[in-house]
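Protein chains in written order, with this note's numbering: chain S, 1 to 290; chain U, 1001 to 1316; chain P, 2001 to 2317.
Presented below is the structure to which this report refers.
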Amino acid sequence: MDTEMGEAEHAMLHFVTPGETVTADTVFMRGHGTYNDGEELVATVAGVVERINKLISVKPLRARFSGEIGDVVVGRISEVTQKRWRVNMGARQDAALLLAAVNLPGGELRRRSESDELQMRQLLSEGDMISAEIQGFFQDGSASLHTRSLKYGKLRSGSLVTVPSSLVKRSKAHFLHYTLSPGLHVDVILGMNGFVWVSKGSKDANKKGDVPNSTQEDADALYANVNEPITNEERMAIARVSNCILAIAKESELITEAFILLVHEASLRIDCKDIVANSKQIIDAAKMSY
Amino acid sequence: MDSVDRKRIHGPDKSVLPLPLLDSQHESVTSKTTLNPSARFDGRTHEEVRPLFARTAMVSQANGSAYIEVGCIKIICAVYGPKQITTKSKSGDHHSGGRISCDVRLAPFAGLKRKGYMKDTNEHSLAKNLATALTPSLLLAHLPKSQIDIHIQILQATAGHVSASSTSSATVLPPPSFATNLSLLLSPCITVASLALADAGIEMMDSVVGCSVGLFRRTDKNSLFWMVDPSEEERETRALGGGVWVGNAVVGVMPSVGRISGLVVDGDVGDVGVLMEAVNVCVDACAKVHDVVVKKALVDGFHAASSPVSGSSSAV
Amino acid sequence: MAVSVCEREFTLTGVASNIRSDGRGRSDVRAAAVESGGISQASGSCRVSSAGGTTVLVGIKVAVGAPAVTASTAADADLDADIAVDNSEDAELSISDADLRRGRVVCAIDCNPAIIPTMDPRAVEDLCIDFSEVITKILNADHGGLDLQSLCIVPGSTCWVIHVDALVLGYGGNLLDTLFQATRGALHDTLIPKVTVEESTSASTGNTSYEFDVADDETEDLKGCENIPVIVTLFKIGHHHVIDPTPLEEACSDVQLSVAINRKGLPCAIQKTGNGSIEPSQLAEMIQDAKAHGATLFKDMDEAIERQRVRSLNDTK
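Given below as structure tokens:
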């Protein structure tokens, strides 16, 4: 389902509109985007029918991000309330990041005290950008996030790009690292919700994953508000990658690690600020060099 | 003719002011200004501001207040706060610091014609420009979740007389031009509001003083000249002895740090060099006003508050 | 808009290095598409859509109404009650007469708060009121370019009132400049019905009375459109300033200077907004930059208007 569809496959897609019967066969279980009207399964959204074994669901053409457990998302803190932060990730509701679900400076197994609650703003305050993973959902459908691994947390040294969430597919790699030229690194965090963080890359290509015994310094540095020094070249590279991602989104192509690199190559002959205006040419050139 | 009321004595249908006397006075002044544009109707140089009267603690109920009189303009300002913010804003109150809300009202009897109570665009614009000029001076980061309400009441906005004449060099009412109203009133509003804020004991980086400058074009030489703090007569008389009013600039200045916190320029001001010269002179004039009037008003107000006998007001 | 400390610092250092988040320099603007005449029911219309997402649609309706100063209000103010139009005095018309012969422009801007989700709904309304006032003020002033005297029908009582109604359809930063650009385009597109005015002087009283007739089919262009200024708003971010900012850059800017530049390349209105303050030297620098941008903007807009004129000529053929 991650690959691009060919012409033949395109013809086999079953489009439905709200109120249209998807199937009258009772053997199927109903999934998202459908409801039971007596014996029949009727679509509630306008979209494409997806069948996985006995589960039938209708995937809408365009919808706000809803997400599933395990999704990597990028979001902005919108509110600081008792024991949790509210995170805006472009979904139907703001997600909740519980105080208990973040790494606190001072070690892994520290008990959350009252002073932690009162000092939540020292860690994350309104406007901060974070990357996190969806841990679960509350009864009302809002997501619960966690930043338990060291690869998640406050985002620095970069800028945000927003694309439609349907263009970001679930994959193994959401934390991308590009070595555009020797010494020039750019990191991209592809949030499933369509928020993409493009930043200055870390020197080594191996990202720090879960480290069981994080040092005090690592933990303290988690919530620092200081950007790393960025050279003009790196800044231009970040801008170029950002514009490439916007160009891909403009042409409604899937945003994947490989495609971003291809588009970047194809864009090198054009001025950075003109990339989005010439998106069609660049995307066509990138697709040809597959 | 049948409808003439014979019981009353009617004056002439058309009445005119005793012009010969007025005109000759005017003529001598205008001829003076033709020769020397720096000599103005009231004898000031083109860099001088008009005498200002300022006094604090005029409204006992308010946390801070001030009153100002310059020319024919009388403005009173009351400051309430800092107090709990009344409306919640989306972005979160704590990290944006405190908020100010400015409200400017012209009294119904302030102008020549009675003005109703409906707020009009002039008042809204004045309030907005006033807030813009005052905000940089306030240390709002020290007042999270608080708001300061600034209420300005303009008691008198014009001299109230019009010297009408049927000859061509007419001195007439200001045209219903927005720009004229604004510049006439914004600069004293800024000064009195800043004075009231200081009277309320609100932490500020610096006072803000407002000053306006009129830009005129010499009809014969087509060059520009400016005059600080133009009075109503000067503004109204578009043909000011050899010069035509082309525009004005209102500047709000923080004198101690020398920074401009408010700026509204209107009119075909043309040469940027002349405009910047005028703005720089405003900055100097504001520094003088600050030293002589604002400081004195605050000090006198302090003395008045601490001594049982009501103290003197500061008048220049 | 809530912005993180890191993003603010990134933006500031980017502007200082002349490399903004989208690769533009401080003086680079995003491309904007200008289309006029889309709304047939309006006397004039224009839509400007910027590549950054800011889209504005302006519709103009002209109506017969009263000027700002009428004969009755002037009389109240102690002037001569008879506003007799005596040809011999034409050369020495007092200013009051000129004001009685002015048309006027009323601008209203509407923006649905949902379009700017990062701002409070009341703040959005306030913003619309502020911008409406700025545009109304400029277009009604002498330096607004329009020949308002040509809009006079009956001096002192009737004139054309031009209603400028702007709709904000999308927001991507730099709203005021785009609004004024669309207003300018719409005014260029505006056609005013021809009016025939008949003067008759009563022999007994010596008073002049007027009758006017608005033609159904004949229209004429609005005079003076070429002289309408352009607005360039400079946003000070750190120690430098940019034009055409993104919403993030707007949130990082502490002082905004809106400068209206006329065709001669000179400023005719300046307004400072924002919570910060500037030094006089910075002010001079910003005004000079605005002049340069204004000149470029005039050139671009003239070209766009010319293209539009050619296109509509070809359409009517």
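No residue lacks a Cβ here, since even glycine has one placed at the ideal position from N, Cα and C.
It should be emphasised that the depicted structure is a prediction, and the values quoted were computed from it without experimental measurement.
Item	Value
When P:Ile2039, P:Gln2041, P:Ser2040, P:Leu2057 are compared against P:Arg2047, the one with the closest alpha-carbon	P:Leu2057
P:Phe1997 in three-state terms, based on DSSP	Here chain P comprises residues numbered 2001 to 2317, so residue 1997 of chain P is not present and cannot be evaluated.
Own chain residues within Cβ distance below 6 Å of U:Leu1275, not counting five before or after	Val1269
Sequence-distant residues of the same chain with beta carbon closer than 6 Å to S:Asn193, five excluded per side	Phe65, Val73, Met89, Gly90, Ser165
Counterpart residues of P:Pro2193 in DSSP-defined beta bridges	P:Thr2219
Secondary structure of P:Ala2081, DSSP reduced to three states	Because the pLDDT at P:Ala2081 is just 30, under 50, the model does not fix this residue reliably, and the value given afterwards should be weighed accordingly. P:Ala2081 falls in the coil class under three-state DSSP.
Residue-chain proximity (U:Val1294, chain P), Cβ-Cβ < 8 Å	no
Distance between beta carbons of U:Cys1211 and U:Thr1158, contact taken as under 8 Å	Wrong, their Cβ atoms sit about 20 Å apart, outside the cutoff.
Contained alpha helix (DSSP H) runs [length at least 4] in the segment 1227-1300 of chain U, N- to C-terminal order	1232-1236, 1272-1289
Opening and closing residue of the alpha helix (DSSP H) in which P:Arg2309 lies	2280-2316
Residue-chain proximity (U:Arg1259, chain P), Cβ-Cβ < 8 Å	yes
Bridge-paired residues (DSSP) for S:Phe195	S:Thr162
Burial state of P:Thr2273 (16 or more Cβ within 10 Å)	buried
C-alpha distance - S:Ser279 paired with S:Lys250, whole-angstrom precision	7 Å
P:Cys2152 beta carbon less than 8 Å from that of P:Ile2135	no
N-terminal and C-terminal residue of the beta strand (DSSP E) that P:Lys2061 is part of	2055-2065
Cβ-based burial, S:Ser242 [other Cβ within 10 Å; buried from 16]	buried
Cut-off 6 Å between Cβ atoms - residues of its own chain near P:Ser2200, not counting five sequence neighbours on either side	Ser2209
Contact with chain S by P:Gly2023, beta-carbon distance below 8 Å	yes
Test: P:Ser2253 CB closer than 8 Å to a CB of chain B	The chain labelled as chain B is not found among the protein chains of the depicted structure, namely S, U and P.
Beta carbon of P:Thr2233 nearer than 8 Å to that of P:Asp2177	yes
Contact with chain P by U:Gln1301, beta-carbon distance below 8 Å	Position check: residue 1301 of chain U holds Gly in this sequence, whereas Gln was assumed. Judged by the 8 Å Cβ criterion, U:Gly1301 is not in contact with chain P.
Cβ neighbour criterion (16 or more within 10 Å) applied to S:Ala132	buried
Within chain S, partners of P:Asp2028 - CB distance below 9 Å	Lys273
Classification of S:Tyr290 by the beta-carbon crowding that lies within 10 angstroms, buried from 16 upward	exposed
Span of the beta strand (DSSP E) around P:Gln2271	2267-2273
DSSP state of U:Arg1217 mapped onto helix, strand, coil	strand
Through-space distance from S:Leu97 to S:Thr17, alpha-carbon basis	36 Å
Outcome for P:Gln2271 when other beta-carbon atoms lying within 10 angstroms are tallied against a minimum of 16	buried
U:Pro1136: contacting residues in chain P (beta-carbon distance under 7 Å)	Asn2275, Gly2276, Ser2277
Assumed close pair P:Thr2183, P:Val2164 - CB separation to whole angstroms, cut-off 8 Å	6 Å
Chain P contact for S:Glu126 (CB, 8 Å cutoff)	yes
Bridge partners - S:Leu254, DSSP secondary structure assignment	Looking at the DSSP assignment, S:Leu254 forms no beta bridge with any residue, so it has no partner.
Closer than 9 Å at the beta carbon, the chain P residues around S:Ile230	Phe2010, Thr2013, Gly2014, Ser2017
At least 3 beta-carbon pairs within less than 8 Å: the segment 1294-1302 of chain U vs the segment 122-132 of chain S	no
Close-in-space but distant-in-sequence residues of the same chain around S:Val276 (CB under 8 Å, 5 per side omitted)	Asn243, Leu246, Ala247, Lys250
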